[in-house]
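Residue numbers (UniProt numbering): 1 to 240. Here's the structure we're looking at; comments come further down.
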Amino acid sequence: MCAMPATVMYFTAYDELKYRFSPFFGEMWAAPIAGITARMFASTVTSPLELIRTLSQAGEHGGGLGGHATGGGGLVATARTIVRQGGVFGLWRGLEPTLWRDVPFSGVYWLALEQGKVALEERYPSENPLAPTARAFVAGAGAGMLAAVLVTPFDVVKTRRQLYTTLASDPAVAATIDHSASAGNGSTSQVISGILKDEGAPGLFRGAYARVLKVTPACAIMIGVYETGKRVFGLQERGT
1 MCAMPATVMY FTAYDELKYR FSPFFGEMWA APIAGITARM FASTVTSPLE
51 LIRTLSQAGE HGGGLGGHAT GGGGLVATAR TIVRQGGVFG LWRGLEPTLW
101 RDVPFSGVYW LALEQGKVAL EERYPSENPL APTARAFVAG AGAGMLAAVL
151 VTPFDVVKTR RQLYTTLASD PAVAATIDHS ASAGNGSTSQ VISGILKDEG
201 APGLFRGAYA RVLKVTPACA IMIGVYETGK RVFGLQERGT
């Protein structure tokens, strides 16, 4: 539900910001700075949609949890329950952990992507019109894999904090759940410390393999399609 609008805003903002930032930061650092800024904007706008989707799915698969914590009845009912329990700003209660995950990911991804494309072009120069798309696809896969691994701890924290918030908001469930920091009770730094204490470093990378399998092809396909679309519609790189 929230992937499409977030992606459209993200890529559009990235291209514009990279063009604007390049004179100040240079080509190399303009990419990660633009990516971070664009992600903060897109995540802030779409955070309510992601929270509603997450809690609605938790309600569908959580039995009694859905009826109490999210109100049941689908997305609209979930949104109403969130606003009733936490006010309008409750719709953004998942923003902080989302930014902790997405901002570092974007910085690593765009830096690795742009440098990867340059390296591939220098090593494998080609006049084939499909070469830029192929380079973007390969660089996107590598950048996505690297970013996914490095940012997995923040994804673990985000998931646990959101799940804890969902469970703790249901009085019937709150008394039976784990309220330790490692379970998601606390700030991002507190949850990280709790996981390290209770589970060690491997706990921060729980699910990394599955995340890499999901993120790597997605990043490759998205940037490949994006670069192809720009060429099909005659939208050349800004400043070139």
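Even glycine gets a Cβ: it sits at the ideal position worked out from N, Cα and C.
Less than 8 angstroms between the CB atoms is what I'm expecting for residue i and residue j, so what's the real figure, rounded?
i	j	result
L51	I82	7 angstroms
A181	G194	3 angstroms
M40	L99	6 angstroms
G184	V191	6 angstroms
A175	G142	Between G142 and A175 the Cβ distance is about 47 angstroms, and since that is not below 8 angstroms, they are no contact.
Only counting the same chain, and skipping five residues up and downstream in sequence, which positions put a Cβ closer than 8 angstroms to that of residue i?
i	result
V156	I195, G203, L204, F205, R206 and G207
G200	none
V215	G144, M145, A147 and A148
T188	E96, P97, W100, F154, V157 and R161
G74	S56
I177	Y164, L167, A168 and A183
Please report the distance separating the alpha-carbon of residue i from that of residue j.
i	j	result
D170	L163	12 angstroms
A139	A220	7 angstroms
G67	T54	Low local confidence applies: a pLDDT of 42 at G67 is under 50, so the model's placement there is unreliable, and no value is given.
R80	W92	14 angstroms
G224	R123	19 angstroms
R20	W29	12 angstroms
S22	V88	37 angstroms
G186	V212	27 angstroms
G229	V76	34 angstroms
F11	K197	38 angstroms
G26	K117	16 angstroms
S126	H179	57 angstroms
A210	T152	10 angstroms
E114	G234	20 angstroms
M222	F24	28 angstroms
Take residue i as the anchor and find which of the options has the nearest alpha-carbon.
i	options	result
Q85	T166, A131, P23 and T176	T166
R231	G142, P129 and H179	P129
Within its chain, find whatever has a CB closer than 7 angstroms to the CB of residue i; leave out the 5 residues flanking it on each side and keep chain order.
i	result
G90	I82 and V83
T44	L95
E227	P132, T133 and A136
L17	A34, T37 and A38
H61	For H61, the predicted model reports a pLDDT of 48, less than 50, meaning its position is unreliable and no value from the coordinates is stated.
Residue i: beta carbon under 6 angstroms from a heavy atom of the ligand SAH?
i	result
A141	Here there are no bound small molecules, and the ligand SAH is not part of this structure.
Going along the chain, which residues of its own chain have a beta-carbon closer than 6 angstroms to the beta-carbon of residue i, five neighbours each way excluded?
i	result
W110	A31, P32 and G35
A6	A42 and T46
A13	A38 and F41
P48	L91
E217	Before going on, a small fix: residue 217 reads as Pro here, not Glu. Excluding positions up to five away in sequence, the list is empty.
L150	V108
T159	none
Answer yes if the stretch 105-113 comes into contact with the stretch 34-50, meaning at least three C-beta pairs across the two stretches below 8 angstroms, and no otherwise. yes
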